[in-house]
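Accompanying notes for the structure given below.
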Amino acid sequence: MMSSQTKYIFVTGGVSSSLGKGIVAASLAKLLQAQGYKITIQKLDPYINVDPGTLNPYEHGECYVTNDGAETDLDLGHYERFLNVPTSQANNITTGRIYQSVISKERQGMYLGKTVQVIPHITDEIKENIKFLGSKGEFDIIITEIGGTVGDIESLPYVEALRQLRWEMGEDNLIVIHLTLIPYLSAAKELKTKPTQHSVKTLMESGVQADILVCRTEHELNDEIKEKLARFCNVNVDCVIESVDVNTIYDVPNHMYRERLDKVALKKLKLNYNKPDLNSWNNFLKKYKNPKNAIKIALIGKYVELQDSYKSILESFIHAGAVNEVEVNIVPLHSEFINSKNVHEKLESFNGILVAPGFGERGVEGKIEAIKYVRLNGIPFFGICYGMQMAVIEYARNVLDLHDANSTEVNPNTNNPVIDLMEEQKNITDKGGTMRLGSWACDIVKETLCHSVYKTESIDERHRHRYELNNKYLEQLHEKGLIASGKNKDTNLVEVVEIKNHPWFIGVQFHPEYKSTVLSPHPLFVSFVSAAILNKSK
Ligand code: GLN
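Below is the structure:
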């Protein structure tokens, strides 16, 4: 038995990937939090990258950044959006991180001449990382999601660590939820349980018995199917939970509540059940589902084909839309296909445009063209990170007449590097974990649009970048109307730019989307959406 009282709920996945373990984990966490339990969620990722910071969004969706500057899996974004509680590096473990630590201990001679092996050394390291979150005594329950699908070679050490932990902690302190798929065969008009039977068996081969099955399905499960699953998979019939497809991920907590997932989980853990208070959550849902108006926003970037690439931005618009009681229709536009000839036709129907974060040369000219168009036509503009940098380049080229103005990321030889590498970045060669990351303070200038949005003079926002606005150009930009309305006091880095005489034009060096949650929608998104509503009414 552990000394602390923290209990663990593990979530494993079977049959198929992309079943939404993160959403089920976050929804259960929400229900437990709404009963007064202190909860956090942890994601174990079996890939060998040390973190997803070096992964292309096409590979792995968005890279989410925490306050402490960890580059993490996008599921941590869901955890924060559902729970309204910040996560940290300790909430995301990868195989790369585990091996990095074990190998460095081996180099320090810490294994005292032993042969270093997957069991016990890798599994011990995994267990230590899992228990570390619980050791602080901050949480009643920790939900631990194992990435991938059971049976994957790379997730085996995690399942083995789970088996050992369950043995050590006991069944009252650690339970296992297995998320699985019940496919529907239209030819036979039947839901099929066999794949689930097999994945539960695969888990058992590793010595782990699932306590609860959460079954993703397109059709409702009748009692007969639930009984069959219970019988073949060694679980109580009230532990077979249906998770039928819903329109929004934010409906999942209510569905899991109706299916009593929280109740059966607490019963297994021998903890008290109280009716969850979901009032503020349901108020949000009511507003979200009953919009009084609709607006259209263009999201301009280069990873627009995949909805996971800009996950936090899309979710932030859902939160901000609910506050404004408006349906926000986001249309992704690929910046590579925008040019001076088609920009009017492509953008005229939008009530606002957002230029997304990004890296590298591809597609930047299209972003700059789009920004020129919205600047001249008074369409609300919101630039995030690279989007802010592109707004500065556009202004320098077209208002300051510095025609070759650029970022040195795009053109290292430009005569007008209005965006340049930060001083402390100049000698860095490693790509992983070396950007300016995490939460940094920013002072906001009074009587600016930014100040009217935040209604405070000091904020903290999360960052992920190497380049910055080159302060040599700040005076010229200011004289011509582009002002720095937010700055970091210590480093003098410009964090926010805006232009006067425009209905709503803001570029931010940081990523506000990482901090928007259901219960605390981000003020910049809320204000941008209301500017877009105003634009529509004109
Ligand atoms: N590529 C830019 C930089 O490194 C912007 C990064 C981003 O948009 N997150 O500064």
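Note that our numbering has the sequence shown beginning at 674, numbered continuously upward.
Built from N, CA and C at the ideal position, the CB exists for glycine as well.
Worksheet item: With a cut-off of 8 Å, do at least 3 Cβ pairs link the stretch 741–755 to the stretch 1104–1121?
Response: yes
Discussion item. Suppose contacts are defined by Cβ-Cβ distances below 7 Å. Is V1226 in contact with N1143 by that definition?
Written reply: There is no way to answer for residue 1226, as the model of the chain reaches only from 674 to 1211.
Worksheet entry | C-beta contact flag for A1157 and P1053 at 7 Å | no
Item to complete: Could you tell me whether any non-hydrogen atom of ligand 1 is closer than 6 Å to the CB of R1139?
Response: yes
Item to complete: Within its chain, find whatever has a CB closer than 6 Å to the CB of I914; leave out the 5 residues flanking it on each side and keep chain order.
Response: V887, E932, L934
Worksheet item: Are the Cβ atoms of K960 and E998 separated by less than 7 Å?
Response: yes
Item to complete: State buried or exposed for G862, treating a residue as buried only when at least 16 other CB atoms are found within 10 Å of its CB.
Response: Per the sequence shown, residue 862 should be read as Lys rather than Gly. K862 should be labelled exposed.
Worksheet item: How many Å lie between E801 and A763 at the Cα?
Response: 11 Å
Practice prompt. Report the three-state DSSP secondary structure of I814 (helix, strand or coil).
Written response: strand
Practice prompt. Give a yes or no on contact between the stretch 815–822 and the stretch 715–732, applying the rule of three or more CB pairs nearer than 8 Å.
Written response: yes
Item to complete: Kindly examine ligand 1 and report whether one of its heavy atoms sits closer than 6 Å to the Cβ of Y983.
Response: no
Fill in: Close beta carbons around S690, own chain, < 8 Å, minus the five adjacent residues each side
If we look at S690 and ignore the five residues flanking it on each side, its Cβ neighbours are G821, T822.
Item to complete: Take every Cβ of the stretch 1141–1155, pair it with every Cβ of the stretch 939–955, and state whether three or more of those distances are shorter than 8 Å.
Response: no
Discussion item. Less than 7 Å between the C-beta atoms of L942 and V697, yes or no?
Written reply: no
Worksheet entry | DSSP-derived helix/strand/coil call for H1184 | coil
Worksheet item: Can we count P1030 as close to ligand 1, meaning its CB is less than 6 Å from some heavy atom?
Response: yes
Worksheet item: Touch check for the stretch 1003–1010 and the stretch 1075–1092: three-plus C-beta pairs under 8 Å?
Response: no
Practice prompt. Identify the continuous beta strand (DSSP E) that holds G1025 and give its terminal residues.
Written response: 1025–1028
Worksheet item: When the distance is taken between beta carbons, is S982 closer than 7 Å to H730?
Response: Looking at the sequence itself, residue 730 is Pro, so the reference to His does not match. Against a cut-off of 7 Å, the Cβ pair of S982 and P730 comes out as a contact.
Item to complete: Can you give me the Cβ contacts of D845 inside the same chain, cut-off strictly under 6 Å, excluding the 5 residues immediately before and after it?
Response: K943
Discussion item. Please state the DSSP three-state secondary structure of T727.
Written reply: T727 falls in the helix class under three-state DSSP.
Worksheet item: For the 8 Å Cβ check, are there 3 or more pairs between the stretch 1178–1197 and the stretch 1135–1142?
Response: Enough Cβ pairs lie closer than 8 Å, so yes.
Discussion item. Just checking C1115 against ligand 1 - is the residue's beta carbon closer than 6 Å to any of the ligand's heavy atoms?
Written reply: Not one heavy atom of ligand 1 is found less than 6 Å from the C-beta of C1115.
Worksheet item: How many Å lie between W1177 and I1044 at the Cα?
Response: About 12 Å.
Worksheet item: Under 6 Å from any heavy atom of ligand 1, does the C-beta of Y1059 make it?
Response: yes
Fill in: Segments of 3+ residues assigned as beta strand (DSSP E) that fall wholly inside the stretch 945–989
If one requires a minimum length of 3 residues, the beta strand (DSSP E) runs lying completely within the stretch 945–989 are 966–974, in chain order.
Discussion item. By the three-class DSSP mapping on this structure, what secondary structure does K885 have?
Written reply: In the sequence under discussion, the amino acid at residue 885 is Ile, which differs from the Lys named in the question. If DSSP states are grouped into helix, strand and coil, I885 belongs with the strands.
Discussion item. I need the DSSP call for A1204, collapsed to helix, strand or coil.
Written reply: Correct three-state label for A1204: helix.
Worksheet item: In this structure, does DSSP put N1144 in helix, strand or coil?
Response: helix
Discussion item. Suppose you measure from the CA of L1207 to the CA of E1000; what does that come to, to the nearest Å?
Written reply: Going from the Cα of L1207 to the Cα of E1000 covers about 14 Å.
Item to complete: Would you verify that the beta carbon of S761 is, or is not, closer than 7 Å to some beta carbon of chain B?
Response: Among the chains of the structure shown, chain B does not appear; only one protein chain is present.
Discussion item. Using 8 Å for Cβ pairs, my map puts N1029 next to I973. What's the rounded Cβ distance?
Written reply: One point to set straight first is that residue 1029 is Ala, not Asn, in the sequence displayed. The Cβ separation is near 6 Å, so the contact holds.
Discussion item. Does the contact criterion of 3 or more C-beta pairs under 8 Å hold for the stretch 1013–1030 versus the stretch 1069–1087?
Written reply: no
Worksheet item: Identify the residues that DSSP records as bridge partners of Q622: which are they?
Response: In the structure as shown, the chain starts at 674 and stops at 1211, and residue 622 therefore has no counterpart that could be examined.
Worksheet item: Using a Cβ-Cβ cut-off of 6 Å (strictly less than) and excluding sequence neighbours within five positions of E900, which residues of its own chain qualify?
Response: Sequence-distant Cβ neighbours of E900 in its own chain, meaning closer than 6 Å and more than five residues away, are V910.
Practice prompt. Return the CA-CA distance between L785 and G1159, expressed in angstroms with no decimal places.
Written response: 53 Å
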